[in-house]
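In the working numbering, the protein residues as written are 1 to 175.
Here a beta-carbon is modelled for each residue, glycine too, at the ideal position from N, C-alpha and C.
What follows is one structure encoded as C-alpha cells, with my remarks underneath.
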DNA sequence: CACTCGATCAGCG
DNA sequence: CGCTGATCGAGTG
C-alpha cells in the first residue's frame, strides 16, 4: 500500500541504480542490473521522466541520494542523506537498520554485535534476516556486517557486491 | 496458532 | 574443519 511514487535512476560508475521515493522519502534502492551481462537494457528506455512533473521535494531528495550514493561507492563519507522512508517495516527491522547506520565507514560489525547493540543479544539470526530485508542497500550499510569470525557471511544481492563494497572502504576480512 | 526458514554463533570432537 | 542445538523474527496457511 505504500506505493512508490517516483522511480528515478542514479547513474554511477557501476551502472544505473534505481531510487524509489514515497511521499516520505527514499523508500528503496535497487542495484544496477548486473553490468549489462544479463541485462539486455530496459527496452522501455524511453521512460522520459520530465523533471517538470516531479515535485521539487523529490528532486531535492534525489540530489541528496545521488550524491550520497556516489560518495559511498567511492569510499567516502556522504555529506548528506535524503530522508529514509521505512514505513510499513517492523520495529525490529528499523532498529537493526538504524544500528547499521551507526557503523562508521571502513569499520564492520558482526551480526551478534548488532543484536547486542539493539538490546536483543539472542536475536542473532533474526538480525541476519533484517539485513536481507533492507530496502536501501549501500546507503544503509548492510555490507558492513560480517559474521563473528570476520568472515563474509551472506548478502542477498550477491556476495560479489559485498566484496566489492568492502574493498572500496578498505575493509579487511577473512577469506 | 503451528511450523518453516535464515546473510548466526559458540561449543565440542 | 564440520556438526549441532539454541533462539528470534518473519512469512505462510
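TODO: Check each candidate in 122, 60, 73 and name the one with the smallest Cα separation from residue 82.
DONE: Walking along the first chain from the start, residue 82 turns up at place 82. Ranking 122, 60, 73 by Cα distance to residue 82 puts 60 first.
task = Classify residue 81 as helix, strand or coil using the three-state DSSP reduction.
result = In the first chain, counting from the first residue as 1, residue 81 sits at position 81. Of the three classes helix, strand and coil, the one that applies to residue 81 here is coil, per DSSP.
Quiz item: Would you call the CB atoms of residue 65 and residue 101 closer than 7 Å?
Solution: For the purposes of this step, residue 65 is identified with residue 65 of the first chain, where counting begins at 1. For the purposes of this step, residue 101 is identified with residue 101 of the first chain, where counting begins at 1. No, the pair does not count as a contact, with Cβ atoms beyond the cut-off.
- Query: Going by Cα to Cα distance, which pick from 156, 18, 110, 88 is closest to residue 62?
  - Reply: For this step, residue 62 is matched to residue 62 along the first chain. Selected option, being the one with the closest Cα: 18.
Report yes or no: do three or more beta-carbon pairs, one from the region 134-146 and one from the region 73-88, lie closer than 8 Å? Taking 8 Å as the limit for Cβ pairs, the verdict is that the region 73-88 does touch the region 134-146.
**Request:** Measure the beta-carbon distance from residue 129 to residue 169 and round it to whole angstroms, keeping in mind my assumption that it falls under 8 Å.
**Result:** Stepping through the first chain from its first residue, residue 129 is reached at position 129. Stepping through the first chain from its first residue, residue 169 is reached at position 169. Not quite, the Cβ-Cβ distance comes to about 24 Å (not below 8 Å), so this is no contact.
Residue 169 bridges to which residues according to DSSP? Reading the first chain from its first residue, position 169 is the one you call residue 169. In the DSSP output, where bridge partners are listed per residue, residue 169 has none listed.
Buried or exposed: where does residue 115 fall if 16 or more other Cβ atoms within 10 Å of its Cβ makes it buried?
Along the first chain, one-based indexing puts residue 115 at 115. Burial call: buried.
Check your understanding: If you count every other CB in all the chains shown that lies within 10 Å of the CB of residue 192, and 16 or more means buried, which is it?
Key -> The structure shown has nothing for residue 192, since the chain only spans 1 to 175.
Just to confirm before moving on: does the CB-CB distance between residue 124 and residue 112 stay below 7 Å?
Position 124 of the first chain, counted from the first residue, corresponds to residue 124. Position 112 of the first chain, counted from the first residue, corresponds to residue 112. Annotated as proximal: residue 124 and residue 112, with beta-carbon spacing under 7 Å.
Find the nearest neighbour of residue 94 within the set 161, 118, 103, 55, judged by alpha-carbon distance.
Within the first chain, residue 94 is the residue found at index 94, counting from 1. Nearest to residue 94 by alpha-carbon distance, out of 161, 118, 103, 55, is 118.
Q | Under 7 Å between C-beta atoms of residue 144 and residue 108 | A | Residue mapping note: residue 144 aligns to position 144 of the first chain, counting from 1. Residue mapping note: residue 108 aligns to position 108 of the first chain, counting from 1. With contacts defined by Cβ atoms closer than 7 Å, residue 144 and residue 108 form a contacting pair.
message: Taking the alpha helix (DSSP H) that residue 200 belongs to, which residues open and close that run?
response: What the structure shows of the chain is the stretch from 1 to 175, and residue 200 is not part of that stretch, so it cannot be assessed.
message = Would residue 146 and residue 154 be called neighbours here (beta carbons separated by less than 7 Å)?
response = In the first chain, the residue the question calls residue 146 occupies position 146. In the first chain, the residue the question calls residue 154 occupies position 154. Going by C-beta atoms, residue 146 is not nearer than 7 Å to residue 154.
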